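The working numbering puts the sequence shown at residues 10 to 308.
Where is the CB? At the ideal position from N, CA and C, for every residue including glycine.
Given the structure is predicted, the values throughout are model-derived calculations rather than measurements.
See below for the structure under consideration.
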Amino acid sequence: MADVALSKSRVDSWRRYYELSKPRVVALILFTALVGMLLSVPGMVPWQTLVFGLLGIGLASASGAALNHVIDRRIDAVMDRTRNRPLPTGRVELRRALVFAIGIGVLAVTVLVVAVNVLTAVLTAFALIGYAVIYTVFLKRSTPQNIVWGGLAGAAPPLLGWTAVTGEIQVEPLLLVLLVFVWTPPHFWALAIKRREEYARAGIPMLPVTHGVAFTKLQVLLYTLMLLTVSLVPFIIHMTGVLYLVGALALGLGFVFHAYRLWRSSDDRYAMPTFGYSIFYLTAMFALLLVDHYARMMW
């Protein structure tokens, strides 16, 4: 019985650290990085680059997530959606969480330097610092445009995947970065509209708190229109084909519809449906890029 109890305790402990890593966010990051890898070459990516590139990018993303937990622990404690996280509830000690976050961050950069290439390691380190330090420590607490500028770090994974394979920064992955960068504000502001009272209580100057819900709804709509325009550029420069064009138009118009409905509504009933669609949109867009890439190769 003692062995069973010890084993269960170890599993519970690892689950807490797993939760610190924000696995669902990391999964989306890894997917966009994988698409960046696969789009960079006409054939298959070498397995070593695929495995160690994704491992390094994933560990760095998990490190940024864990550092976010550490830095935001007091804010998390007063917000309904985050108060049950491991640090506010005391399920993980602060010191251990910090050691875990820094440890896997160092491991991530080491893996990329040794097994992938220095450029990807440097870009990943900059993205990690941009998210965990520049965004979380400074931008998040000082400006309602926090998610706009902070979103640049979160938009890096497609570029990281591309450079992991090619060792070069090219126009195509920068377009993928731009796509995620423009997607981030309407994605996050839709959630912020719903959670505005929590952000106000936590003292975070999110746009709905500082400029009001109506202004934020308009910004969500304008950004989705901008996103629709940006999403067409890969086709314009012949990076993608007709299949992508049709899909991008359909997905983009769907996002615009959700944003327009949110803008026209007198309350926040459509905030979470818009937020939910935004996640579906990004996942579907990157899947579409992949399908279009291999379809054109076959044709």
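Taking the Cβ atoms as the reference, residue 30 lies roughly 11 Å from residue 69, outside the contact range of under 8 Å. Rounded to the nearest angstrom, the gap between the Cα atoms of residue 135 and residue 162 is 8 Å. A straight-line Cα-Cα distance of about 9 Å links residue 159 and residue 190.
Taking the Cα positions, residue 125 is about 21 Å away from residue 180. Rounded to whole angstroms, the gap between the alpha carbons of residue 167 and residue 48 is 9 Å. Judged by DSSP in its simplified three-state form, residue 155 adopts helix. Nearest to residue 254 by C-alpha distance, out of 270, 269, 237, is 237. Residues of the same chain with a CB within less than 7 Å of the CB of residue 230, apart from the 5 flanking positions on each side, are 268, 269, 272 in chain order. Cβ atoms of residue 65 and residue 140 stay farther apart than 8 Å, at about 15 Å.
A straight line joining the alpha-carbon of residue 242 with that of residue 298 spans about 13 Å.
Its chain contains 66, 166, 169, 170 as the residues whose beta carbon lies nearer than 6 Å to that of residue 42, once the 5 sequence neighbours on both sides are disregarded; these appear in chain order.
CA-to-CA, the gap between residue 132 and residue 176 works out to about 11 Å.
The beta carbon of residue 286 sits closer than 8 Å to those of 263, 264, 267, all from its chain and outside the five residues before and after it, given in chain order. Burial state of residue 104 is exposed, judged by a 10 Å Cβ sphere holding fewer than 16 other Cβ atoms.
Residue 213 counts as buried, since at least 16 other C-beta atoms from the protein chains shown sit within 10 angstroms of its C-beta.
The three-state secondary structure of residue 52, taken from DSSP, is coil.
If you draw a 10 Å sphere on the C-beta of residue 80, you find 16 or more other C-beta atoms in it, and that means buried.
Sorting 246, 199, 306, 93 by C-alpha distance to the C-alpha of residue 278 places 199 at the top. Rounded to whole angstroms, residue 118 and residue 130 show a C-alpha spacing of 5 Å. The beta carbons of residue 196 and residue 284 sit closer together than 8 Å.
For residue 204, there is no enclosing alpha helix (DSSP H), since its DSSP letter is neither H nor E. Taking 4 residues as the shortest admissible run, the segment 167–217 contains the following complete alpha helix (DSSP H) segments, listed from N- to C-terminal end: 180–203, 205–211. It is roughly 28 Å from the alpha-carbon of residue 188 to the alpha-carbon of residue 91.
Of the candidates 193, 25, 46, 106, the residue whose Cα lies closest to the Cα of residue 182 is 46. Comparing alpha carbon positions, the residue from 193, 77, 215, 149 closest to residue 111 is 77.
One Cα belongs to residue 250, the other to residue 58, and the distance between them is close to 27 Å. Between the beta-carbon of residue 203 and that of residue 281 there is about 6 Å, and that keeps the pair under the 8 Å contact cut. Following the DSSP letters along the chain, one finds residue 294 inside the alpha helix (DSSP H) bounded by residues 280–307.
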